[in-house]
Amino acid sequence: MTQQTFLVTGGAGFIGSAVVRHLVRSGARVINLDKLTYAGNPASLTSIENAPNYRFVQGDIADTGLILPLLREEQVDVVMHLAAESHVDRSIDGPGEFIETNVVGTFKLLQAALEHWRGLEGEKRDAFRFHHISTDEVFGDLPFDSGVFTEETPYNPSSPYSASKAASDHLVRAWHHTYGLPVVLSNCSNNYGPFHFPEKLIPLTILNALEGKQLPVYGKGENVRDWLFVDDHARALATIATRGAIGESYNVGGREERTNLAVVEAICDALDARVPLPGGGSRRDLITFVTDRPGHDRRYAIDPAKLETELGWKAEESFETGIAKTVGWYLDNAWWWEPIRSGKYAGERLGAA
Numbered sequence: 010m011t012q013q014t015f016l017v018t019g020g021a022g023f024i025g026s027a028v029v030r031h032l033v034r035s036g037a038r039v040i041n042l043d044k045l046t047y048a049g050n051p052a053s054l055t056s057i058e059n060a061p062n063y064r065f066v067q068g069d070i071a072d073t074g075l076i077l078p079l080l081r082e083e084q085v086d087v088v089m090h091l092a093a094e095s096h097v098d099r100s101i102d103g104p105g106e107f108i109e110t111n112v113v114g115t116f117k118l119l120q121a122a123l124e125h126w127r128g129l130e131g132e133k134r135d136a137f138r139f140h141h142i143s144t145d146e147v148f149g150d151l152p153f154d155s156g157v158f159t160e161e162t163p164y165n166p167s168s169p170y171s172a173s174k175a176a177s178d179h180l181v182r183a184w185h186h187t188y189g190l191p192v193v194l195s196n197c198s199n200n201y202g203p204f205h206f207p208e209k210l211i212p213l214t215i216l217n218a219l220e221g222k223q224l225p226v227y228g229k230g231e232n233v234r235d236w237l238f239v240d241d242h243a244r245a246l247a248t249i250a251t252r253g254a255i256g257e258s259y260n261v262g263g264r265e266e267r268t269n270l271a272v273v274e275a276i277c278d279a280l281d282a283r284v285p286l287p288g289g290g291s292r293r294d295l296i297t298f299v300t301d302r303p304g305h306d307r308r309y310a311i312d313p314a315k316l317e318t319e320l321g322w323k324a325e326e327s328f329e330t331g332i333a334k335t336v337g338w339y340l341d342n343a344w345w346w347e348p349i350r351s352g353k354y355a356g357e358r359l360g361a362a
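Counting from 10, one number per residue, gives the positions in the sequence shown under this note's numbering.
Spelled out as structure tokens, the structure:
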């Protein structure tokens, strides 16, 4: 095998676009399949859109009539499945779309991948992988003071979003055990970084704080998340897709637990250092506590030891260096987020993790 060809689903989304940029710059051929829903943004791929080893295809993972011919035409070696509805609050308001995309869509993609794989021969068949990218939210939540998620943690999803992702994880494992499809899986902690759609906690807080707006935080801000810089995650996913053991799952985390309140306060401090408020003062004064959302998990914490030990990956960014880079990126790239703020997205959601 020489140059591998990757089909990345959801490659115009936040994590997907980071994966696409990483793979293209690494020299792989990349076919980016994205439906371009509200969170898909081709502008996130401007830096590589004219690369000779990159192709964008607008389409739905549930469109078998599109997917199977695409897999065959492009002679895809690795499917990296990131396409998903992923916002918990949206899943509470409208769970049906999450079932359609995350469960039914994954089923149809698996069927197409299975038929494609069965038609391969020799080295191409041996090299094929289906990498399913999931979330730590499938494990439920943890006590504030103890425990971490490992690959052996039982599933216990709390929201329609995490339940739909848990279902898709089970489908992927079933297609491996029943049909022999060569799969690998990964479950990640909360990502942050450049090109993050501004309905999630960190980008929404950055932009609202920059504009001097109130910063709503659910409950008392005590909920804890493990934070992972998106470029570290992209490197991890490329490693798992190409070197992970068939049938295995790998947890990807940054070993950087923070309460939601601590995250918001760190953003306020970083912005105050870079762009002081007129007349001085602290953006921490903009923080306001609001009624908690239903079923809000207390704490997520990932143990990435298996990935670190077996495949040699380690996160390069600490939370402090990552948040500084992220705040700096949003300050320097209003061209990307201003059309979103003024157009498709009006900032109506809290963005809590």
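Note that the Cβ used here is the ideal one computed from N, Cα and C, for glycine as well.
- Here DSSP, grouped into helix, strand and coil, assigns Phe-153 to coil.
- By the Cβ-count criterion, Ala-343 is exposed, with fewer than 16 other Cβ atoms from all chains shown falling within 10 Å of its own Cβ.
- DSSP, reduced to helix, strand and coil, places Ile-108 within a helical segment of the structure shown.
- Counting the other Cβ atoms within 10 Å of the Cβ of Arg-138 gives 16 or more, which makes it buried.
- Residue environment: Ser-56 is assigned as exposed (fewer than 16 neighbouring CB atoms within 10 Å of its CB, all protein chains considered).
- Per DSSP, the beta bridge partners of Leu-237 are Asn-200.
- Around the beta carbon of Phe-153, a 10 Å sphere encloses fewer than 16 other beta carbons of the protein chains shown; the residue is thus reported as exposed.
- When the alpha-carbon of Gly-68 is set against those of Ala-275, Phe-158, Gly-19, Leu-280, the nearest one is in Gly-19.
- One thing to note: Thr-115 has its Cβ within 8 Å of the Cβ of His-90.
- By the 16-neighbour rule on beta-carbons within 10 angstroms, Glu-82 is exposed.
- A contact is defined here as three or more CB-CB pairs under 8 Å, and the segment 179-191 fails this definition with respect to the segment 246-254.
- Looking at Pro-61, Val-261, Gly-256, the one whose alpha-carbon comes closest to that of Ile-40 is Pro-61.
- Following the DSSP letters along the chain, one finds Leu-42 inside the beta strand (DSSP E) bounded by residues 38-43.
- Within its own chain, the residues whose Cβ lies closer than 7 Å to the Cβ of Val-97, once the five positions on either side in sequence are excluded, are Ser-168, Tyr-170, listed in chain order.
- If you draw a straight line from the Cα of Glu-274 to the Cα of Arg-293, it comes to about 6 Å.
- As the crow flies, the alpha-carbon of Phe-65 is around 15 Å from that of Pro-78.
- The three-state secondary structure of His-141, taken from DSSP, is strand.
- At the C-beta level, Ala-310 and Asp-241 stay beyond 8 Å of one another.
- Looking at the backbone, the Cα of Gly-49 and that of Ser-195 are separated by about 21 Å.
- In terms of CA proximity to Glu-266, Phe-328 leads the group Gly-149, Leu-54, Phe-328, His-31.
- When only Cα atoms are considered, Gly-256 and Ala-122 end up about 15 Å apart.
- With respect to Gly-221, Leu-280 sits apart: the two C-beta atoms are not nearer than 8 Å.
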